[in-house]
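S.K.: In this note's numbering, each residue's number is its place in the sequence shown (first place is 1) plus 25.
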Amino acid sequence: FDEDSPTIWKPKDVSGLTFGTNGFYLDFEDSSNLGNDANGGTDLTEVNLAATDQTTDTPTNNFCTLNPLFNFTNNATLSEGNLKVVGGGAWNSAGATIGLTAGKWYYEVKMTTLPGGGSNGRTGFFDSEVNVSSGNIFAQTNGTTYYYNEDGGEMIKDNSATTNDYGVVAQGSILGVALNMDDKQVTFYDDNSAIVTNYALSSNIGTAIPSSSCYNETQEYNFGNPPYSLTSAASDENGYGSFEFAPPSGYLAICSKNLGSDGG
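#1: Report the start-end ranges of each alpha helix (DSSP H) in the stretch 106 to 135 that is 4 residues or longer and not cut off at the edges.
#2: Report all residues from its chain with a CB closer than 6 Å to the CB of residue 88; omit the five preceding and five following residues, and keep chain order.
#3: Can you tell me the Cα-Cα spacing of residue 197 and residue 44, whole angstroms?
#4: Round the Cβ separation of residue 170 and residue 242 to the nearest angstrom and send it over; I've been treating them as touching at under 8 Å.
#5: Is DSSP giving residue 255 helix, strand or coil here?
#6: Go ahead and pull the three-state DSSP assignment for residue 78.
#7: What's the call for residue 244, buried or exposed, on a 16-neighbour Cβ count within 10 Å?
#8: By Cβ distance below 6 Å, which residues in the same chain neighbour residue 237 in space, the five residues on each side in sequence not counted?
#9: Please state the DSSP three-state secondary structure of residue 238.
#10: Name the one or two DSSP bridge partners that residue 215 has.
#11: Looking at the structure shown, is residue 185 part of a helix, part of a strand, or coil, going by DSSP?
#12: Please name the residue in 260, 99, 91 and 285 whose C-alpha comes closest to that of residue 274.
#13: For residue 42, does the three-state DSSP call read helix, strand or coil?
#14: Taking only the alpha-carbon atoms, compute the straight-line gap between residue 32 and residue 67 and give it to the nearest angstrom.
#15: Cβ of residue 149 within 8 Å of Cβ of residue 172?
#16: How many angstroms separate the CA atom of residue 193 from the CA atom of residue 35?
#17: So who's on the other strand from residue 284, going by DSSP bridges?
#18: Go through its chain and collect everything with a Cβ distance to residue 188's Cβ below 8 Å, but skip five positions before and after it.
#19: Tell whether a beta-carbon distance below 8 Å holds between residue 252 and residue 112.
#20: Using the beta-carbon count (16 or more within 10 Å), is residue 143 buried or exposed?
#21: Which of helix, strand or coil does DSSP assign to residue 86?
#22: Excluding the five sequence neighbours on either side, which residues of its own chain have a C-beta within less than 8 Å of the C-beta of residue 262, listed in chain order?
#23: Output the boundary residues of the beta strand (DSSP E) element that contains residue 58.
#24: Just to check my reading of the structure: residue 254 and residue 77 have Cβ atoms closer than 8 Å, yes? What is that Cβ distance to the nearest angstrom?
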């Protein structure tokens, strides 16, 4: 247990352990050999593991993911540590595990497959007080759901298009979301180019929950712990997270270490 918080577990120091004849120690530090026995014995053989399965999401710093218990509106299919979402032939929505009340936050979404058609893919967030029991989180009237429609190039507020022609996001692109809960604004980026800048949010947004909503589409979410390979790797100013593009100045990865430092 942690000496300052006696009800919280902390990892043990393994430097003094001995492993005997059949023991082994996997530290998972080599992404190209995740079965490596760091004790010097015989390596274990990996099955269905890739370098992207190495993760810094641990009990000492937990990153946000999509939440399988907050999976509503026709139940999207989640995989890859609840970071990959596949929508079927109806609107599929899932909320995240961490809600944000203050601070500045950044995450990225890879548009893995986009079927086209004008309104099939949305990325954004909703307030924790929205009514999800109706089966349609978009059926709000008080400024508590905000999404970017990647397939139509428009901002969607409470299921109504408020601004148009920001640009259609191409399949394979990385959509960046910079959420400013201090000033109640959001900026969306398409492959690091701002397409929606400082879009004003309603004061009714008290706790913003990142969310996917898609229709015959596949999205992959990176809150700082990517489920896909990066061509570059950029952390936030606190040194946390791994993103395709550098977060804007002052914006942080959504993880428990940053929540503690930023108060979000």
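Even glycine gets a Cβ: it sits at the ideal position worked out from N, Cα and C.
M.R.: Quick look at the numbers:
#1: Taking only runs of at least 4 residues, no alpha helix (DSSP H) segment lies wholly in the stretch 106 to 135.
#2: 82, 248, 249, 250 and 280
#3: 45 Å
#4: The C-beta distance from residue 170 to residue 242 rounds to 18 Å, too long to meet the 8 Å contact threshold.
#5: coil
#6: helix
#7: Buried is the label assigned to residue 244, since at least 16 other Cβ atoms lie within 10 Å of its Cβ.
#8: 110, 119 and 244
#9: strand
#10: Answer is 200 and 218.
#11: strand
#12: 260
#13: coil
#14: The straight-line gap from Cα to Cα measures roughly 37 Å.
#15: yes
#16: 46 Å
#17: Answer is none; residue 284 lacks a bridge partner.
#18: Same-chain partners within the cutoff: 179, 180, 221 and 224.
#19: no
#20: Annotation note: pLDDT 49 at residue 143 (below 50); position unreliable, coordinate value reported separately. Residue 143 is exposed by the Cβ-count criterion.
#21: strand
#22: Contacts found: 272, 274, 275 and 277.
#23: Where residue 58 is concerned, there is no enclosing beta strand (DSSP E), given that its DSSP letter is neither H nor E.
#24: 6 Å
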